[in-house]
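Novice: Provided herewith is a single structure, encoded as structure tokens, for subsequent inquiry.
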Amino acid sequence: ALKVGVLISGRGSNLQALIEACRDPATNAKIVLVLSNKANAGGLARAAEAGIRTAVIDHKAYADRAGFDAELDRQLRAAGVELVCLAGFMRILTDGFIAAWHNRMINIHPSLLPAYRGLDTHARALADGVKLAGCTVHYVRRELDTGPIIVQVAVPVAADDTPDSLAARILTAEHRAYPLALRLVATGRVTVDGERAILDGQAMPGGIMM
Ligand code: GAR
């Protein structure tokens, strides 16, 4: 099974979805380490409950991003991590770290990229009056919230949605998208060809409507 390291900053509901997915041998992945930059991240308890090793690397203890990222990198390598999954990890990573994990680091983002990169995705989508929203799992590239797209799940926007109600619907989609993307990557079915992710060697139908 592919050795996975998950980086979190908070609640960890996506981490939980990945933990549950890894109980299925068909996922072909094992989470060997969960790292958080926040000591109070709820996801740490979820990992401990599942018997997964955790560590906190407090970004405030480092003079700069490079120092923080070097410690992340050191701990991931020491644990034998082969794939990094960002799951609600709210720190910008340095170009050097991203290059070191090129095509070996994936992220989940709560929008249908390339729309709504960055923060406050749900409020911005509602302000624009979009009728479909969703989430994206993608390989990580230097530019924030860009990179080859592995899976997207779309959900409808309701007329009376608030940012919170839309976020909750998208979160349900995230919990479906991330385990699927992990399985596709860990089983070798998804690979990167240039700046496109491809499934089974062909242009991929990685879109799901909920
Ligand atoms: C998720 O909605 C995830 O897509 C988002 O943070 C939330 C984490 O929830 N990630 C980002 O906004 C990344 N910029 P979780 O801790 O319950 O998985």
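Heads up, the sequence shown is in our numbering, so the first residue is 30 and it goes up one at a time. A virtual CB, placed ideally from N, CA and C, is assigned to each residue, including glycine.
(1) For the beta strand (DSSP E) holding arginine 225, just list the boundary residues, first then last.
(2) Is any heavy atom in the ligand GAR found nearer than 6 Å to the beta carbon of asparagine 66?
(3) Are valine 63 and isoleucine 81 closer than 7 Å when you measure CB to CB?
(4) Just how far apart, CA to CA, sit leucine 44 and glycine 72?
(5) Going along the chain, which unbroken runs of the beta strand (DSSP E) with 3 or more residues stay wholly within the segment 118 to 179?
(6) Short of 8 Å in beta carbon distance, which residues of its chain neighbour asparagine 57, apart from the five on each side in sequence? Order them along the chain.
(7) I'd like to know whether the C-beta atoms of threonine 165 and histidine 138 end up nearer to each other than 7 Å.
(8) Could you tell me whether any non-hydrogen atom of the ligand GAR is closer than 6 Å to the CB of alanine 144?
(9) How close, in whole Å, do the beta carbons of alanine 202 and valine 182 come, if the pair is a contact with beta carbons under 8 Å?
(10) If you run the structure through DSSP and keep just helix, strand and coil, what is leucine 67?
(11) Could you compute how far the alpha carbon of leucine 47 sits from the alpha carbon of isoleucine 178?
(12) Reducing DSSP to helix, strand and coil, say where glycine 96 ends up.
(13) Cβ of glycine 117 versus every heavy atom of the ligand GAR: is any distance shorter than 6 Å?
(14) Helix, strand or coil, according to DSSP, for alanine 196 in the structure here?
(15) List the DSSP bridge partners of aspartate 222.
(16) Would you please state the rounded distance, in angstroms, between the beta carbons of serine 140 and alanine 162? I believe it to be under 8 Å.
(17) Once the 5 residues before and after leucine 173 are set aside, which same chain residues still bring their CB inside 8 Å of it?
(18) Out of Leu195, Cys114 and Ala129, state which residue places its alpha-carbon closest to the alpha-carbon of tyrosine 207.
(19) Could you pull out every residue in the same chain whose Cβ sits closer than 8 Å to the Cβ of alanine 77, ignoring the five residues on either side in sequence?
Specialist: Working from what's here:
(1) Counting along the chain, the unbroken beta strand (DSSP E) around arginine 225 starts and ends at 225 to 228.
(2) No.
(3) The answer is yes: Cβ separation under 7 Å.
(4) When the Cα atoms are used, leucine 44 and glycine 72 turn out to be separated by approximately 7 Å.
(5) Residue ranges of uninterrupted beta strand (DSSP E) with 3 or more members, entirely inside the segment 118 to 179 and ordered along the chain, are 134 to 138 and 161 to 168.
(6) So the qualifying residues of the chain are Ala30, Leu31, Arg212, Ala215 and Thr216.
(7) Yes, the Cβ-Cβ distance between threonine 165 and histidine 138 is below 7 Å.
(8) Incorrect: alanine 144 has no Cβ contact closer than 6 Å to the ligand GAR.
(9) With a Cβ gap of about 4 Å, alanine 202 and valine 182 count as contacting.
(10) With the sequence shown as reference, residue 67 is identified as lysine, and leucine is not the correct amino acid for it. The answer is coil: DSSP assigns lysine 67 none of H, G, I, E or B.
(11) The C-alpha of leucine 47 lies about 18 Å from the C-alpha of isoleucine 178.
(12) DSSP, reduced to helix, strand and coil, places glycine 96 within a helical segment of the structure shown.
(13) True, at least one ligand heavy atom lies under 6 Å from that Cβ.
(14) Residue state, collapsed to three classes: helix.
(15) In DSSP, aspartate 222 forms a bridge with Arg225.
(16) Going by Cβ atoms, the distance from serine 140 to alanine 162 rounds to 7 Å, so yes, they are a contact pair.
(17) Here the set comprises Ile121, Arg146 and Gly147.
(18) That would be Cys114, whose Cα lies nearest to the Cα of tyrosine 207.
(19) Answer for alanine 77: Thr83, listed in chain order.
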